[in-house]
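Position one of the sequence shown corresponds to residue 127 (our numbering), numbered consecutively onward.
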Amino acid sequence: MQIAQTYGPARTIGASIIVSIAVLSALAGCAATPPSGPTLVQTKSAAQLLMREAVGRVPAYMVAAEETIADQSEGCDAEDAAGLMRAWRSTATVPLRDNASVDPAAIVTELIASFGEQGWKATGPTDAETVELANGSSPAVLRFTTAPLESGSGGSLIVEALGVCVLTEGAESDEVVSLENRAG
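Structural data, given as structure tokens:
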């Protein structure tokens with residue numbers, strides 16, 4: 127019985143492939159693992175959709191003008207100087223008609239009932255100036271704040287949806303700058 131031996135280029139190529147596979151396998155263990163939780167873009171989407179859904183439930187005849195929308199991320203932890211832990215906040219300020227039949231508190235009561243039918247629960251008193259709702263199946267919380275009536279104004283309803291805190295690369299990272307539509 128004779129064992130064939132390989133010499134020359136074939137042996138070198140085979141050894142190179144084996145060494146390459148070993149190096150790649152070792153390096154794969156060093157690669158950064160992506161975070162296992164939600165990303166900022168996922169919480170942005172959830173917050174925006176939730177805020178827009180809530181604004182859409184305010185009866186049109188009670189709204190004086192188009193809402194003002196603000197979307198941005200914010201730091202979650204005051205001790206996190208780099209702002210790595212961030213949450214997405216989508217806010218709509220809905221100006222209400224100056225009309226005796228438009229009661230901002232009554233609108234909030236109706237919104238609480240409407241979202242309550244879908245499993246949302248108040249996390250505190252429902253008769254406060256700001257009411258927060260949460261739902262265990264949503265990565266966002268919903269807040270309704272009634273702004274006081276002003277002369278010639280029916281006041282306003284502020285609708286906020288705040289996503290969960292997630293790990294980012296910081297306030298000035300490409301991801302955050304892009305999601306906030308800021309110039310980098």
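Ideal Cβ positions, reconstructed from N, Cα and C, are used throughout, including at glycine. For clarity, every value in this text was computed on a predicted model and none was experimentally measured.
How many whole angstroms separate the CB atoms of T252 and I238, which I take to be in contact at a CB cut-off of 8 Å? Contact holds; Cβ gap of about 6 Å.
Assuming T165 contacts P265 (C-beta within less than 8 Å), just tell me the rounded distance between them. Rounded, the Cβ-Cβ distance is 11 Å, inconsistent with contact.
Mapping DSSP to helix, strand and coil, what is S263? Of the three classes helix, strand and coil, the one that applies to S263 here is coil, per DSSP.
Determine which residues share a DSSP beta bridge with M211 and list them. L293
Does DSSP put P221 in a helix, a strand or coil? strand
Per DSSP, what are the beta-bridge partners of R269 in this structure? E258 and E286
Would you mind sorting K281 into buried or exposed? The rule is 16 or more other CB atoms within 10 Å of its CB. For the sequence presented, residue 281 should be read as Gly rather than Lys. Within a 10 Å sphere around the beta-carbon of G281 sit 16 or more other beta-carbons, which makes this residue buried.
Alpha carbon to alpha carbon, what distance is there between T271 and G289? 17 Å
When you compare only the Cα positions, how much space is there between A141 and T294? Confidence at A141 is low in this model, with a pLDDT of 41, below 50, so the placement of that residue should be treated as unreliable; the coordinate-derived value is given next. So the two alpha carbons sit approximately 42 Å from each other.
Going by CA-CA distance only, name the one from S263, A231, E243 and S240 that's closest to T256. A231
Say the cut is 7 Å; is the CB of S240 nearer than that to a heavy atom of the ligand GTP? Annotation note on the ligand GTP: not contained in the displayed structure, which lists no ligands.
Going straight from the alpha carbon of P185 to that of V292, what length do you get? Going from the Cα of P185 to the Cα of V292 covers about 34 Å.
Is the segment 177–195 touching the segment 295–305, taking contact as three or more C-beta pairs under 8 Å? no
Would you kindly work out how many angstroms separate the C-alpha atoms of V285 and Q198, rounded to a whole number? C-alpha separation (whole angstroms): 14 Å.
CB E205 to CB A213, shorter than 8 Å? no
Can you tell me the Cβ-Cβ gap for A173 and R215, rounded? I've got them flagged as a contact below 8 Å. 7 Å
Would you kindly work out how many angstroms separate the C-alpha atoms of K247 and A287, rounded to a whole number? 14 Å
In whole angstroms, give me the CA-to-CA distance for A260 and A226. 31 Å
Apart from the five residues on each side of it in sequence, which residues of its chain come closer than 7 Å, Cβ to Cβ, to P160? Confidence at P160 is low in this model, with a pLDDT of 48, below 50, so the placement of that residue should be treated as unreliable; the coordinate-derived value is given next. Cβ within range, chain order: n/a, list empty.
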